[in-house]
Every structure is written in C-alpha cells, then in structure tokens.
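**Student:** The structure follows.
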Amino acid sequence: MSETRTLLVCCGTGCLANHASEVADALEAAVAAAGVDAVVGVEASDAATVKRTGCNGFCENGPIVKVHPDDISYYKVRPKHAEKIVASLGGEPVKALLYRNDEKQLVTRQLDNPFYASQRKIALRNIGEIDPLVIEDYQERGGYVVLERIIREAVPPETVIQELIDSGLRGRGGAGFPTGIKWKTAAGYARGGGADADGGQLPAFVCCNGDEGDPGAFMDRSILEGDPHGVIEGLAICAYAVGAEQGFLYIRDEYGLALKNVSAALASAEERGFIGDDILGTGRKLHLEIVRGGGAFVCGESTALMQSIEGQLGEPRAKYIRSAQRGLWDYPTVLNNVETLVNVPYILACGGAEYAKLGTARSSGTKVFSLVGKVNRTGLIEVPMGATLRHLIFDIGGGIKNDRAFKAVQTGGPSGGCIPEQYLDLEVDFDGLTEKGAMMGSGGMIVMDDHDCMVEVARYYVGFLAEESCGKCTPCREGLRHMQAILTDITEGRGQPGDIELLERLGHTLQQASLCELGKTAPNPVLSTIKYFRDEYEAHITAGVCPAGVCPELTDFYIDAEACTSCNACKKACPTGAIEGDKERAYVIDMALCISCGSCRAACRFDSVCTRGKARGKAAAGAGTSAEGKVAS
Amino acid sequence: MSETVKLVIDGKPCTCEKGDYLLEVAQRNGIRIPRMCYHEGLSGLGACRVCIVEVVEAGRSRVVTSCIYPVLSEIEVFTQNEKIKELRGMVLTLLARLAPNAEGVAKMAAKTGIELPRLAVKEGGDTCILCGRCVSACEALGSGAIAKVNRGVTKEIATPYGEPSSECIGCGSCAFVCPTDSIASERTEESFTIWGREFEMQRCSVCGMPFTTQAAFAFLQAAQAEWEPGAEQQPPLCEECGKKAVARQIANAGKYL
Ligand SMILES: Cc1cc2nc3c(=O)[nH]c(=O)nc-3n(C[C@H](O)[C@H](O)[C@H](O)COP(=O)(O)O)c2cc1C
Ligand code: SF4
Ligand code: FES
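Each protein sequence line maps, in turn, to chains A and B. What the first sequence shows, in the numbering used here, is residues 21 to 653, in sequence order. What the second sequence shows, in the numbering used here, is residues 275 to 531, in sequence order.
Below you can see the structure in the form of structure tokens.
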C-alpha cells in the first residue's frame with residue numbers, strides 16, 4: 021500500500037440495524053493489526069482511515085463499505101470480512117462482496133451498479149461520502165463556502181433570493197411551492213414592505229420541517245443523519261435572506277440518530293462561528309434550536325407544526341393568511357422541508373440558472389424518492405425531475421420481484437394516489453403526478469404487483485389517515501370514518517351497490533370542505549383507485565370476488581397439483597399448519613384450517629398456489645363460478 | 275387606519291372593513307350563513323365546516339370557511355348555490371350521524387334533503403358534535419380544565435385522564451356555549467355539579483341569591499388582582515345587584531358634575 025485509503029462504512033439507520041457499527045470496529049481493528057497507522061479521522065500518508073458515513077440508500081444490501089480512492093463498493097459486509105478487505109487494499113477487490121448487476125456480472129465502482137448508475141445526487145451529494153460528525157469533512161466538499169461568502173461580502177439578500185427564484189426550486193415537502201417566492205414574501209413582510217407596511221423591521225423566523233411522518237419514508241431522516249451541516253447551511257442562508265435571527269429545526273422525536281447528529285453539527289457550526297451570536301465576526305446573529313416533533317403525522321402540516329413549536333396542540337389552523345406574512349407568534353416565517361434546504365447551498369454555488377437546466381420546465385432539479393414494494397432493488401434514490409416511472413421502477417429498481425406483472429405505483433405518501441400501468445411513461449414531476457390523481461408528497465413510491473388488491477390498498481391508507489387526522493374538522497374526521505367503514509365492508513364481502521358512488525361523493529366533500537391539506541388530499545388513495553381500478557371494486561361488490569386474491573373473506577386458496585414441484589416452501593410458510601403433502605403425496609390445503617392469509621402464495625416460486633372466489637354457501641358458490649379459476653398467473 | 279372593501283354576497287352589493295370575517299359581514303347585511311361552531315365570543319374555531327361558502331376572486335373560485343375567512347379584497351360570495359348546498363348538506367349529514375340525538379342538528383340535516391342510510395350512526399354517538407366551543411371557552415377564561423383528547427376518529431372532549439379536573443372552577447362556561455346541550459350539569463341552591471365535581475355556590479352579598487360557584491368567584495378575583503394589582507377587591511354581587519351598584523355609582527358621580 022503506497023496510498024492513503026479511506027474505508028467509508030455506511031452507518032445509516034438501515035446499515036446500523038445490520039451491525040454496521042461492528043463492521044466499522046472490525047475494520048479499525050484489522051487496519052491496526054495490519055500495522056498501518058490507523059487513527060480514526062486522521063489521515064497519515066501510507067495509512068487507511070475508517071469513516072462512518074450516512075446512508076447510501078441501498079439499505080437492503082447493507083452494510084455497505086466503500087474504498088476510496090479506488091472507488092470500490094462492497095455490500096452485505098459482515099465483521100468477519102474486515103481482515104480480507106484490509107488485506108486486499110491496493111490489490112484485487114474482494115469478489116465475494118461485490119454487487120452483481122442484472123447481467124450477473126460483478127461490478128466494482130458504485131456508478132456501475134445499476135441502482136446508482138443513473139442517479140444524480142445533489143440533495144444527497146455528501147451523504148455516504150463524509151462523516152456527518154466531522155465539520156471538516158463537510159467543508160472539504162465545499163461546505164459553508166457559500167454562507168461564508170455571502171456574509172463576508174454582504175451580498176444583498178435580494179440577490180440571494182433572486183438566485184433561488186431563478187433556480188425554479190420548489191418545496192420538496194409536498195406542496196411544491198416555489199421556495200424563492202416564499203422567501204421573497206417573508207423578507208418583504210419582515211422588512212415592512214408588505215401590505216401592512218409601516219416601514220419597521222419585524223422579527224422573522226425560519227424553520228426546517230423534519231417531521232417526515234409518512235410511514236416508510238426516510239429521505240429526510242437520511243439527510244438529517246448523513247449531512248446535517250448541509251441542512252444547517254441552507255437554513256442559515258434562508259435566515260440571512262429573510263432577516264431572521266432565530267430558527268427552529270423541527271425533527272421527529274423517533275429520529276434518535278438524526279437528533280444526535282444535528283445537535284452535534286449545530287454545536288460545531290457555532291464553534292466555527294457560522295451561527296451564533298457573532299457570525300464570522302460580523303456581529304450578525306442566528307440562533308438555531310431543535311424542537312422535537314409531537315409524533316403525529318399531522319404535525320408535519322405547516323400550521324400544526326407552528327402551533328406545536330409555540331407549545332400548543334398540533335392542530336392545523338385556517339391558512340387564509342400565509343405563514344410568510346403571519347407565522348410563528350404572528351411574525352413572518354419561512355418553513356422549508358429538509359430536502360429543500362439541503363439543495364440551497366448547492367444552488368447558490370452553481371447558480372440558479374445552471375440548476376434550472378436540470379429537471380423539467382415546471383419542476384427543476386432533482387428529487388429524492390424512497391422506492392419500495394415489489395421491486396428487485398429498493399432504497400433511497402435521487403434522480404432529475406422528469407425521469408419516467410418506468411425508468412425508476414425497471415432500470416433503477418430492476419423490475420418487479422419474481423417477474424410478476426406490474427400493477428400500480430403508489431406515490432406521495434398516505435394521501436397519494438395509485439398510478440396504473442398505462443402511465444408508466446409519465447415523466448415524474450409535481451404537476452405530472454397531480455394531474456394523474458396522485459401527488460409528489462415527500463417522495464414515497466410503493467410498487468405493487470398483480471397480487472396487490474387496490475381496494476385493500478385504499479382501505480389501508482384511509483385507515484391510517486382516519487387515525488392520523490387531527491380530528492378537528494367534520495369532513496375529514498367523519499368522512500374518513502365512513503370511508504373506512506365502507507371500504508372495510510367491501511373488502512369483507514359486505515359491499516353494496518352504490519358504494520362506489522358514495523365513496524366518490526364523500527371524497528369530493530373531503531377535498532372541498534376540509535380545513536387543511538390532510539383532509540383535502542385524504543381521498544386520493546380512494547379516488548385514484550376507483551378511477552383506474554373500478555372493475556376491481558365492482559368485482560368485490562357485485563361478484564363477491566377479490567380478483568387479486570388478497571381479501572381473506574373473499575378468497576380461497578388451492579394448490580395446482582400440476583404446477584407443484586413439492587418444494588415444501590408453502591408448508592413451511594403456513595402459520596396454521598393447514599398444508600399437507602410431501603414428495604409422495606400431492607400438496608393440499610385443508611380448508612378447515614386455512615385462514616386465507618396468503619403466506620403460501622407469497623412463498624411459492626412456481627405459481628402453484630392459486631386463488632378463487634370463496635365458496636360461501638351454495639348460492640354464493642354458484643354465483644361465483646364465473647369468477648373462479650386460476651387467478652394467479 | 276382601516277380600509278373599506280367592496281364585495282357581493284348572493285348578488286347583494288355590500289361593503290366591510292378589510293379583514294372582517296365573512297360570516298359576520300354577511301350577517302350585518304341580513305344574510306345568515308348556517309353555522310354551528312361559530313360563537314361571537316370565541317375566536318374562530320373553523321371546525322364544523324357548516325358555514326362554508328364559495329368565493330370567487332379574480333375569476334378563481336374556492337370554497338372557504340366564512341367564520342374565519344377575512345375579507346381582504348373584492349370578492350363575490352355564494353352562500354347557497356348548488357355546490358355549497360351539496361357540500362354543506364354532506365357536512366350536516368355527517369354531523370347528524372355523529373350526534374344522532376342532537377335535535378337541532380337533525381333538523382338542519384333533514385332540511386338538506388340528503389338521505390344516506392348507508393352511512394352508519396357512530397357507535398355511542400349522542401349529542402356532542404366535537405365543535406370545540408367548550409374547550410375554547412374554557413381556554414379563553416384561562417382555566418384549561420377540559421381539552422380535546424386523541425386524534426382522528428377517536429377524538430373526544432374530556433378532562434385530563436377522564437378524572438375530575440382540578441383546574442375546573444365550575445363556572446359552567448362550557449355548558450353555556452355548547453350548541454347541543456351536551457355537557458351534563460346539575461344546579462341546586464347550594465351546589466353546582468359538572469365534569470364529575472361538585473362546587474359550592476357563592477351567594478350575592480346584597481340579595482343573598484346564589485349566582486356562581488365559590489371557586490369561580492375566587493378565580494375571577496385572583497384574575498382581577500393580577501390585571502390590576504392593588505385594586506380594591508369587589509364583594510360578591512349577582513348580575514342584578516352588580517348592575518344596580520354600577521348604576522348607583524354613575525348616578526352618584528353625576529351629582530358632582
Ligand atoms: C398532513 C401533512 C403532513 C405534512 N408532513 C410534512 C413533513 O413531514 N415534512 C415536510 O417537509 N412537509 C410536510 N408537509 C408539508 C408542509 O405543510 C409544508 O408545505 C412544507 O414543510 C413546506 O416546505 P417546502 O416548501 O420546502 O416543501 C405536510 C403537509 C401536510 C398537509
Ligand atoms: S382536514 Fe383533517 S387534519 Fe386537517 S384540520 Fe381538518 S380534521 Fe384536522
Ligand atoms: S361555523 Fe364556521 S366552521 Fe363552524
């Protein structure tokens with residue numbers, strides 16, 4: 021070894037759960053044992069350094085270890101591999117830990133991995149590359165350069181804001197409001213240039229929304245954990261632009277590592293004078309404070325979040341006057357999402373016009389998505405706006421698991437919508453998704469295959485929202501209760517003619533008459549599935565059949581003896597021991613024991629477990645014959 | 275410095291001061307927008323959504339909540355066109371299913387002509403429509419004995435942990451503002467019982483009539499002492515005798531003019 025090498029161990033929440041910390045320890049020990057100088061965080065020539073980084077986004081293949089500058093990526097690394105990795109430094113990579121691409125070839129470089137190949141990392145630019153607890157790491161990659169420049173050169177706030185307007189950046193928290201315009205409005209009111217102008221400077225506040233309440237979403241968590249200084253710099257620039265001396269980072273209480281890293285980063289940023297009482301010796305002030313989120317999905321909504329910061333019950337308020345005019349304690353306030361803010365230093369470094377070249381005409385830049393569900397590769401990805409759903413799901417995601425058929429992709433979190441196959445070539449941006457009855461939301465993407473029942477999907481999300489609605493206003497609270505009851509009826513075989521129309525009518529009421537965006541968007545999962553999968557609803561209601569073979573009350577499972585290979589997987593998977601069979605005797609399901617949970621079908625790799633409409637007494641069985649048969653394919 | 279704004283409500287040209295709430299503007303102009311959680315004395319709750327109306331501003335239409343919507347610019351308002359009738363009808367129907375025993379709500383819902391038997395009555399639903407007036411009144415008073423608990427479909431109004439609240443002073447404001455008489459209370463010559471607690475009544479120092487609870491009177495006195503430190507403590511007076519005392523003061527003051 022003649023060169024300094026850095027071993028970057030992914031210590032995001034996902035990899036930590038897979039013992040990444042032990043891997044890092046083992047690597048440190050192996051480096052020490054190999055006799056190279058190995059003080060963590062200190063690079064000596066002819067040495068190897070182990071760094072613990074934020075999340076690389078490919079958690080299912082973690083823990084991930086990257087070797088720089090060779091650009092080697094190892095996956096599923098265990099502590100026992102440490103010695104081999106260290107011994108290989110400077111020589112041939114450890115083959116067993118490399119990724120195999122779709123052509124089954126081994127790939128060494130991260131960008132040769134199809135999961136990463138077409139990603140464009142801006143919001144995630146530093147994550148996985150730096151130790152979030154070491155401010156120098158951030159600075160080495162250009163961090164705090166922009167903040168320092170605008171403060172030292174006293175760049176006029178209007179110039180900063182104009183750069184952001186030119187960039188076309190839209191809020192990544194869901195609504196897609198143009199960030200520069202929001203800052204400009206708040207700055208105007210703060211400087212007394214608003215409608216109630218009396219010339220005096222008002223106090224203003226800046227906030228970072230790190231509540232991220234969508235189940236399964238983890239983009240903001242990863243950013244807060246892996247690049248806390250990026251968010252802090254963005255927020256500090258925002259404070260400079262609008263003239264705020266106080267800011268808050270509202271972070272979900274469950275995000276332990278994010279809270280820890282942000283609070284450490286705040287301390288070191290203050291120590292360096294980037295924030296605090298006398299920023300870079302200019303006498304300028306900025307106090308940033310962490311507020312722990314109330315733990316409710318609705319607390320991410322802007323007015324509820326501000327109520328919560330003020331110490332009140334986190335319930336949304338009417339929004340006829342924008343927070344940029346009257347927000348926290350009735351003063352001009354800018355609230356931005358984590359991902360929005362982490363883009364800011366990058367935009368100011370490269371210039372608004374340059375940034376605007378990325379993405380689509382209406383939505384510039386990139387977007388981070390959490391791609392999960394029935395795809396071969398799941399994880400956190402960042403792509404330019406305008407990438408097609410097909411590209412995300414089939415190229416980056418590697419297609420549908422077990423080669424099943426794609427059915428829909430649910431985007432935008434719990435109140436997002438389901439987009440069917442005919443729109444796979446849709447270019448994903450704020451407006452494109454909304455036009456199709458879904459939304460960008462925070463960037464959740466759940467891929468579904470032909471074994472997913474769309475009525476059940478709608479029921480699941482409505483159930484979530486019924487619990488998470490704040491319950492203040494009638495349409496949202498009561499409307500969701502009834503929608504939940506009707507959807508449950510449909511999935512359990514008690515659907516009635518007219519239910520679909522009633523769901524649409526209730527959905528319309530929620531959209532129009534609810535107080536906040538939660539209620540206004542809550543019908544999306546129902547309305548979008550009715551729009552694209554109405555026949556599936558009808559099958560449940562009129563024929564009493566769940567075409568996807570999911571709803572237990574409507575589904576019987578059986579094993580197709582011809583297709584069965586006696587592999588025994590179904591028998592092992594069955595939680596009630598309802599399956600009998602072995603190499604000699606055909607596998608059969610004892611209907612008396614079967615609870616229609618579908619575990620056998622999920623376990624079968626040969627499509628031998630099939631479903632048919634449930635035999636419900638003679639009449640029902642007779643009526644159901646037309647819909648019977650091998651639904652699975 | 276107030277500004278006048280012109281607006282048209284259901285075809286009727288009106289004016290108001292910038293920032294006035296639409297529901298109140300309409301009312302002053304003889305147009306009564308149906309409402310339920312709105313109360314003159316409490317700041318905008320905007321919870322029941324019965325008062326929704328359609329507002330057209332510069333060609334753009336949206337549904338707004340009139341009790342909390344500040345009129346800021348020239349707008350045209352429709353308080354009962356087909357769209358609003360449908361939405362308000364649905365909201366009232368939802369409220370009627372939530373509180374099947376609330377007569378007033380049932381009457382308003384019946385008038386909408388919407389019949390949806392498929393929407394089940396809430397299990398255990400009685401008369402409370404969860405409008406939040408009671409909590410708001412209690413907060414406005416500065417007591418905070420009751421609160422909204424839980425979220426979403428399980429939301430309810432209760433004292434902390436469902437126990438009799440130590441903060442409660444038995445003033446009865448909550449029961450007084452409740453639009454559906456849902457807060458049970460019992461009053462006798464000697465005592466007032468509410469939220470599981472019994473309070474002793476305070477008698478008027480002049481006529482001897484019980485007029486509030488002793489706890490509420492003490493609370494008000496303490497509050498007064500905080501507003502005007504050093505001010506003379508007033509003796510307990512019922513409303514009648516209080517008015518008479520004020521009248522006498524004014525009459526006496528007149529003598530020296
Ligand atoms: C129910 C609900 C939940 C929300 N949750 C979040 C959240 O967790 N994080 C977030 O950044 N924005 C959330 N938002 C959006 C915020 O209200 C707000 O629009 C956003 O934080 C503004 O920042 P941006 O302009 O940078 O997107 C939520 C909105 C609603 C209606
Ligand atoms: S729409 Fe739902 S979440 Fe929003 S205020 Fe109404 S009840 Fe609360
Ligand atoms: S009266 Fe306006 S929302 Fe209830």
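We put the beta carbon where it would ideally sit given N, CA and C, even for glycine.
(1) Mind pulling the chain A residues with CB within less than 7 Å of Cys515/B?
(2) Hey, how far is the Cα of His307/A from the Cα of Cys405/B?
(3) Start and end of the beta strand (DSSP E) containing Ser459/B?
(4) Would you verify that the beta carbon of Gly214/A is, or is not, closer than 7 Å to some beta carbon of chain B?
(5) Just to make sure I have the definition right: I need the residues of chain B whose C-beta is within less than 8 Å of the C-beta of Gly518/A. Which are they?
(6) Would you call the segment 544-554 of chain A in contact with the segment 569-577 of chain A, where contact means no fewer than 3 C-beta pairs closer than 8 Å?
(7) Tell me whether the beta-carbon of Val329/B lies closer than 7 Å to the beta-carbon of Ile349/B.
(8) Is Val324/B near ligand 3, going by C-beta to nearest heavy atom under 6 Å?
(9) Out of Asp90/A, Ala49/A, Asn81/A, Phe78/A, which has the shortest C-alpha to C-alpha gap to Val70/A?
(10) Using C-beta distances below 8 Å, list every residue in its chain close to Gln151/A, excluding the 5 sequence neighbours before and after it, in chain order.
(11) Quick check on Ala428/A: does DSSP put it in helix, strand or coil?
(12) Write down every uninterrupted run of the beta strand (DSSP E) in the segment 216-288 of chain A whose length is 3 residues or greater and which is fully enclosed by it, in chain order.
(13) Quick one: which chain A residues come within Cβ less than 7 Å of Gly429/B?
(14) Is it buried or exposed for Leu325/A, if we count other Cβ within 10 angstroms and need 16 for buried?
(15) Suppose the cutoff is 8 Å on Cβ atoms and the five residues either side in sequence are ignored; what does the same chain contact list for Pro99/A look like?
(16) Counting pairs of Cβ atoms below 8 Å between the segment 137-156 of chain A and the segment 385-401 of chain A, do you hit three or more?
(17) Among Gly267/A, Ser462/A, Cys587/A, which has the Cα closest to the Cα of Asp627/A?
(18) Apart from the five residues on each side of it in sequence, which residues of its chain come closer than 7 Å, Cβ to Cβ, to Gly649/A?
(19) Give a single yes or no on whether Lys592/A has its beta carbon closer than 6 Å to a heavy atom of ligand 2.
(20) For Ser347/B, which three-state DSSP category applies?
(21) Suppose contacts are defined by Cβ-Cβ distances below 7 Å. Is Gly233/A in contact with Phe317/A by that definition?
(22) Tell me the DSSP secondary structure of Val106/A in three-state form.
(23) Going by C-alpha to C-alpha distance, which of Ile388/B, Ile305/B, Asn355/B, Asp400/B sits closest to Glu377/B?
(24) Can you pull the chain A residues whose beta carbon is under 8 Å from the beta carbon of Thr386/B, in chain order?
(25) Go to Thr26/A, then tell me how far its beta strand (DSSP E) extends in each direction, as first and last residue.
(26) For the candidate residues Glu356/B, Val345/B, Ile468/B, Arg362/B, whose alpha-carbon lies nearest to that of Pro308/B?
(27) Along the chain, where does the beta strand (DSSP E) that runs through Asn357/A open and close?
(28) Buried or exposed: Pro83/A, going by 16 or more other Cβ atoms within 10 Å of its Cβ?
(29) Any beta carbon from chain B within less than 7 Å of His5/A's own beta carbon?
(30) Along the alpha helix (DSSP H) that carries Pro495/A, what are the first and last residues, could you check?
(31) Who are the neighbours of Arg425/B on chain A, taking C-beta pairs under 8 Å?
(32) Is Met611/A helix, strand or coil when you go by DSSP?
(33) Would you say Leu522/A faces chain B, with C-beta separation under 7 Å as the test?
(34) For Leu415/B, does the three-state DSSP call read helix, strand or coil?
(35) Give a yes or no on whether the C-beta atoms belonging to Val654/A and Val97/A are separated by under 7 Å.
(36) Can you pull the chain A neighbours of Tyr312/B, defined as C-beta to C-beta under 8 Å?
**Tutor:** Per the coordinate set shown:
(1) The count along the second sequence starts at 1 and reaches residue 515/B at position 241. Going along chain A, no residue has its Cβ under 7 Å from Cys515/B, so there is no contact; the nearest lies around 39 Å.
(2) The residue labelled residue 307/A in the question sits at position 287 within the first sequence. The residue labelled residue 405/B in the question sits at position 131 within the second sequence. Their Cα atoms are separated by approximately 39 Å.
(3) Taking the second sequence and counting its residues from 1, one reaches residue 459/B at position 185. Where Ser459/B is concerned, the enclosing beta strand (DSSP E) stretches over 459-461.
(4) Numbered from its first residue, the first sequence carries residue 214/A at position 194. Its pLDDT being 49, under 50, Gly214/A is placed unreliably in this model, and the value from its coordinates should be taken loosely. No, no contact with chain B.
(5) On the first sequence, residue 518/A is found 498 positions in, with the first residue counted as 1. At a beta-carbon threshold of 8 Å, the residues of chain B lying near Gly518/A are Arg392, ordered along the chain.
(6) These segments do not touch.
(7) Position 55 of the second sequence holds residue 329/B. Position 75 of the second sequence holds residue 349/B. A contact, by the Cβ cut-off of 7 Å.
(8) Position 50 of the second sequence, counting from 1, holds the residue named residue 324/B. Correct: Val324/B has its Cβ closer than 6 Å to ligand 3.
(9) Your numbering for residue 70/A matches position 50 in the first sequence. It is Ala49/A.
(10) As a working note, residue 151/A is residue 131 in the first sequence. The displayed chain sequence assigns Asp, not Gln, to residue 151/A. Sequence-distant Cβ neighbours of Asp151/A in its own chain, meaning closer than 8 Å and more than five residues away, are Gly61, Lys71, Arg72, Thr73, Asp157.
(11) As a first step, residue 428/A is located in the first sequence; it is residue number 408 there, counting from the start. DSSP, reduced to helix, strand and coil, places Ala428/A within a strand of the structure shown.
(12) The segment 216-288 of chain A contains these whole beta strand (DSSP E) runs: 225-230, 266-271.
(13) Position 155 of the second sequence holds residue 429/B. Here residue 429/B is Lys; the residue named in the question, Gly, does not match the sequence. What Lys429/B touches in chain A: Gly491, Arg497.
(14) Within the first sequence, numbered from 1, the residue matching residue 325/A stands at position 305. Looking at its Cβ environment, which holds 16 or more other Cβ atoms inside 10 Å, Leu325/A is buried.
(15) Along the first sequence, read from residue 1 onward, the residue named residue 99/A stands at position 79. Excluding five sequence positions before and after Pro99/A, the CB atoms of its chain that fall closer than 8 Å to its own CB belong to His39, Glu42, Val43, Asp45, Ala46, given in chain order.
(16) By the Cβ criterion, the segment 137-156 of chain A is in contact with the segment 385-401 of chain A, since at least three pairs of Cβ atoms, one from each stretch, lie closer than 8 Å.
(17) Mapped onto the first sequence, residue 627/A falls at position 607. Among Gly267/A, Ser462/A, Cys587/A, the Cα nearest to that of Asp627/A belongs to Cys587/A.
(18) Position 629 of the first sequence, counted from the first residue, corresponds to residue 649/A. Since pLDDT at Gly649/A reaches only 40, below the 50 mark, its modelled position is unreliable, and the value read off the structure follows with that caveat. For Gly649/A, where only same-chain residues beyond five positions count, the Cβ hits under 7 Å are Arg632.
(19) Reading the first sequence from its first residue, position 572 is the one you call residue 592/A. Checking the Cβ of Lys592/A against ligand 2 gives no.
(20) The residue you call residue 347/B lines up with position 73 of the second sequence. Residue state, collapsed to three classes: coil.
(21) Within the first sequence, numbered from 1, the residue matching residue 233/A stands at position 213. Within the first sequence, numbered from 1, the residue matching residue 317/A stands at position 297. Contact: yes.
(22) For this step, residue 106/A is matched to residue 86 along the first sequence. Helix, per DSSP.
(23) As a working mapping, residue 377/B is identified with position 103 in the second sequence. If we check each option's Cα against that of Glu377/B, Asp400/B comes out closest.
(24) For the purposes of this step, residue 386/B is identified with residue 112 of the second sequence, where counting begins at 1. Within 8 Å Cβ-Cβ: nothing; Thr386/B doesn't reach chain A, min ~12 Å.
(25) Position 6 of the first sequence, counted from the first residue, corresponds to residue 26/A. Per DSSP, Thr26/A belongs to the beta strand (DSSP E) from 25-30.
(26) On the second sequence, position 34 is the one that residue 308/B refers to. The shortest C-alpha separation from Pro308/B is found at Arg362/B.
(27) As a first step, residue 357/A must be located in the first sequence, where it is residue number 337. Where Asn357/A is concerned, the enclosing beta strand (DSSP E) stretches over 353-357.
(28) Position 63 of the first sequence, counted from the start, is the residue given in the question as residue 83/A. Residue burial annotation: Pro83/A is buried, with at least 16 other C-beta atoms found within 10 angstroms of its C-beta.
(29) Outside the modelled stretch of chain A, which goes from 21 to 653, sits residue 5/A, for which no answer is possible.
(30) Locating residue 495/A in the first sequence gives position 475, where the first residue counts as 1. Looking at the DSSP string, the run of the alpha helix (DSSP H) that includes Pro495/A is 494-511.
(31) Here residue 425/B is taken as the residue at index 151 of the second sequence, counted from 1. Those within 8 Å of Arg425/B in chain A are Ala316, Val318, Glu487, Glu488, Ser489, Cys490, Gly491.
(32) Numbered from 1 along the first sequence, position 591 holds the residue referred to as residue 611/A. Annotated three-state conformation of Met611/A is coil, per DSSP.
(33) Start at 1 with the first residue of the first sequence, and residue 522/A comes out as number 502. Chain B, which has a Cβ nearer than 7 Å to the Cβ of Leu522/A, makes this yes.
(34) Position 141 of the second sequence, counting from 1, holds the residue named residue 415/B. In the three-state reduction of the DSSP assignment, Leu415/B falls in the helix class, which pools H, G and I.
(35) Not covered by the structure: residue 654/A. The range shown for chain A is 21 to 653.
(36) Working through the second sequence from its first residue, we reach residue 312/B at position 38. Chain A residues near Tyr312/B: none, gap ~13 Å exceeds 8 Å.
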